[in-house]
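Right, here's the structure in full:
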């Protein structure tokens, strides 16, 4: 495999993971800003619902894209960049965003004064962000290692 082929094989996964990580960071930062700046809870709820939907679809699309790219058509094994813990992070990201968006998030928006729901939302957002960060770091490490190997 040439250097260009190996670089191309990890280019799209890196891009998808970067989009996923960026969406997670923006969402995590936007929630407290919206709560602090919008005066009425019913307005905050509308914005948070929209933000949650956008974040969920970006994260799901990125994770599904990574899962699709992880295995070539008719291949028996995953791509070299997808082996190991990366797929666990991607599956964790999909599961955490699904539970957050379709389980805990709507309950929290309905009962904003519930401390246990606030903690669950925070824990799931943090877990989702950690999955995105770990996937990004794993892919970057693979790309750097492969670039060093190709340069030698």
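Residue numbers (our numbering): 11 to 162.
Note that the Cβ used here is the ideal one computed from N, Cα and C, for glycine as well.
The segment 69-76 in contact with the segment 92-108 per 3-pair CB rule at 8 Å: Under the 8 Å Cβ criterion, the segment 69-76 counts as touching the segment 92-108, having at least three qualifying pairs.
Residue nearest to residue 28 in terms of C-alpha spacing, selected from 90, 108, 142 and 43: Distance check between residue 28 and each of 90, 108, 142 and 43 places 142 closest, using alpha-carbon atoms only.
Beta-carbon separation (whole angstroms), residue 19 vs residue 89, contact threshold 8 Å: Contact between residue 19 and residue 89 holds: CB atoms are separated by about 6 Å, below the 8 Å threshold.
Own chain residues within Cβ distance below 6 Å of residue 148, not counting five before or after: Shown here for residue 148: same chain residues with a beta carbon closer than 6 Å to its own, the five before and five after excluded, namely 96 in chain order.
Alpha carbon of residue 136 to alpha carbon of residue 38, nearest angstrom: About 8 Å.
Spatial neighbours of residue 123 in its chain, beta-carbon cut-off 8 Å, leaving aside the 5 residues before and after: Result list for residue 123: empty, nothing under 8 Å.
Unbroken alpha helix (DSSP H) run spanning residue 63, endpoints: Boundaries of the alpha helix (DSSP H) around residue 63: 51-79.
Cβ-based neighbour list, residue 153, same chain, cut-off 6 Å, excluding 5 preceding and 5 following: Cβ within range, chain order: 20.
Contacts around residue 72, its chain only, beta-carbon distance under 6 Å, and the 5 residues preceding and following it disregarded: In chain order, 26, 29 and 30 place their CB closer than 6 Å to the CB of residue 72, counting only its own chain and leaving out the 5 sequence neighbours on each side.
For residue 154, three-class secondary structure by DSSP: In the structure shown, residue 154 sits in a helix (DSSP, three-state: H, G or I).
Classification of residue 50 by the beta-carbon crowding that lies within 10 angstroms, buried from 16 upward: Residue 50 counts as exposed, since fewer than 16 other C-beta atoms from the protein chains shown sit within 10 angstroms of its C-beta.
Any non-hydrogen atom of the ligand ZN closer than 7 Å to residue 28 Cβ: The ligand ZN is absent from the structure shown, which contains no ligand whatsoever.
Contact check, residue 69 vs residue 36, beta carbons under 8 Å: No.
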